[in-house]
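Numbering (our numbering), first residue to last: 33 to 620.
Worksheet: one structure, shown below.
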């Protein structure tokens, strides 16, 4: 019996082994089979790399860590682990791994590049700069490191350093066109940030000349030409791009806009026709087309299109420009009716009220005109044009104290408008407030030292108050140098020269102005006197006979003095300043 039990027990033990719960012991590394070919650390690194490539980043991270447990100095594993951490957006852990690599091998270029990129991506510019400077210490010809330093200095608003870095890159690359184009673009971008538009244009043209007719080149360069109002050059490069490339909506819009500026309206209409299939809501496009016909003076077509647009939506812009058509075609009552429909919140409210006031003035209703502008000002005290028009009317009516109060309010809204400042100075001058006059004139010149009309106005004021002729001459010449369009400047210059006994110069000015104004008594009489003084009897007698025949009730001098004493705003429907570029055309 005992023997039987002994025999059965081994069987049960054997069978028990087959059916009892089994837990396999963890193995270390299969590569133990080939220890001479691969270390455990390298085995785990390669295994991790396989998971990494398959997108199983969590598993890869564990295996990279296992690799480093076997060899903490496996630099490749550390670098790859840092890459895996970055994929998981664990940049702080990635940074730690790369820093450990550099603590072991300070000149490890791969680790330096990756750490520099990490700092740059995370906007830690001071640390990034140190890393890229270290790379340049190792290899001064490292173009990528130079570019990184450039971008860091640009982001730090250290533009001078950034530009010097571009010089270094330029010296490195030689004649590589693609890099030179990139350098030109980056220089242009720096100067654009500094608002140095002339230098920006220079380098955009440089890039364009290296590789013309690329979209990015044409787009940026045309913007620069627009800024300088160089419409012809802009049209040229835009047209070239249009002729040699597939349709580009942005370029088409710009070409249309530039063509309008050069009055090449047919090109603009052609471009708008091309744009039509690409636009879902065609209202704005049709409005632009209507405006082009208006600018072409094709008023009948413009009128039809404006009427259709008003019927479609009833918006203010077509109403305002239809009123301009009515003014130009002598339908002033119809124009006034339309202008009166524009509400106070309209973009065109200021212009509409000023033009209605002008209409009332022309019909002899000055009080109605000034009351209209006063009401408009109360409704919209933020509109600059209303301040100016209202002030001009008050000045014209010699209500200088009211004008000062109004303009001081306007200066509060628009402290940097030199025209308001000059009008305020004019009022103070008329009220004999010399201190306030000087203060406002100085401020106007400080705001815009190249405003020709300030100097023209000073010349008129100095003449009206019988100031020194040398000072009148100075202001006149300053205004003329700045291309003032004030028609009184030449008469003022002639008088100033006469008073200084500069007869030769005065004669030249008088003769020029006489040719343009042959019926003006003062010029004819002045020329007669000058020639008589110079013993040129024949010319003196000829001009004297003409002078006697002219009406001398109010010569140019008197008219000019009257204009200087009260300077009204003369509104004219054909005045380009009063008929601005339609807003929708500006949105190219």
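Think of the CB as a built atom: it goes at the ideal place given N, C-alpha and C, for glycine as much as any other residue.
These numbers were taken from a predicted model, which means no experiment stands behind them.
Counting C-beta atoms within 10 angstroms of its own C-beta, residue 260 has fewer than 16 neighbours from the protein chains shown and is therefore classed as exposed. For residue 173, there is no enclosing alpha helix (DSSP H), as DSSP gives it neither H nor E. Taking the Cβ atoms as the reference, residue 354 lies roughly 14 Å from residue 383, outside the contact range of under 8 Å.
Cβ atoms of residue 95 and residue 79 come within 8 Å of each other, at about 5 Å. For residue 350, the uninterrupted alpha helix (DSSP H) run begins and ends at 348 to 360, by DSSP. Out of 152, 243 and 258, the CA that lies nearest to the CA of residue 232 is found in 258. Here residue 244 carries a coil assignment [DSSP, helix/strand/coil].
In the DSSP assignment, residue 460 falls within the alpha helix (DSSP H) that extends over 450 to 462. Membership of residue 188 in any alpha helix (DSSP H) is not indicated, and neither H nor E is assigned to it by DSSP. Positions of the alpha helix (DSSP H) runs, each at least 4 residues long and wholly inside the stretch 129 to 182, are given as 141 to 153 and 157 to 170 in order along the chain.
Contact between the stretch 331 to 347 and the stretch 305 to 320 is established, with three or more Cβ pairs separated by less than 8 Å.
In the three-state scheme derived from DSSP, where H, G and I count as helix and E and B as strand, residue 481 is classed as coil. Boundaries of the alpha helix (DSSP H) harbouring residue 398: 398 to 411, taken from the DSSP string.
Boundaries of the alpha helix (DSSP H) around residue 326: 315 to 327.
The three-state reading of DSSP puts residue 523 in helix, counting H, G and I together.
Per DSSP, the unbroken alpha helix (DSSP H) holding residue 81 starts and ends at 72 to 85.
In this structure residue 460 is buried. Its beta-carbon is surrounded by 16 or more other beta-carbon atoms within 10 angstroms. A straight-line Cα-Cα distance of about 27 Å links residue 83 and residue 151. Residue 445 sits in a helix when the DSSP states are folded into three classes.
Remark: C-beta atoms of residue 508 and residue 526 do not approach each other more closely than 7 Å. Between the beta-carbon of residue 307 and that of residue 281 there is about 6 Å, and that keeps the pair under the 8 Å contact cut. Less than 7 Å divides the Cβ of residue 292 from the Cβ of residue 300. For the pair residue 393 and residue 401, the CB atoms are nearer than the 7 Å cut-off.
The C-alpha of residue 202 lies about 27 Å from the C-alpha of residue 140.
Residue burial is scored here from C-beta neighbours: residue 294 has fewer than 16 other C-beta atoms within 10 angstroms and is therefore classed as exposed. Short of 7 Å from the beta carbon of residue 478, and not among the five residues preceding or following it, lies no beta carbon of its own chain. The three-state reading of DSSP puts residue 206 in coil, since its state is none of H, G, I, E or B. Here DSSP, grouped into helix, strand and coil, assigns residue 506 to helix.
In this structure, the CA atom of residue 90 is about 23 Å from the CA atom of residue 153. Taking C-beta atoms as the reference points, residue 198 and residue 215 count as a pair closer than 7 Å. The beta-carbon distance between residue 419 and residue 438, rounded to whole angstroms, is 7 Å. This is short enough to meet the 8 Å contact definition. DSSP, read as helix, strand or coil, puts residue 127 in helix. With three or more CB-CB distances shorter than 8 Å, the stretch 158 to 176 counts as touching the stretch 133 to 149. With 16 or more other CB atoms across the displayed protein chains lying within 10 angstroms of its CB, residue 523 is buried. Residue 113 counts as buried, since no fewer than 16 other beta carbons sit within 10 angstroms of its beta carbon.
For residue 377, there is no enclosing alpha helix (DSSP H), as DSSP marks it with neither H nor E.
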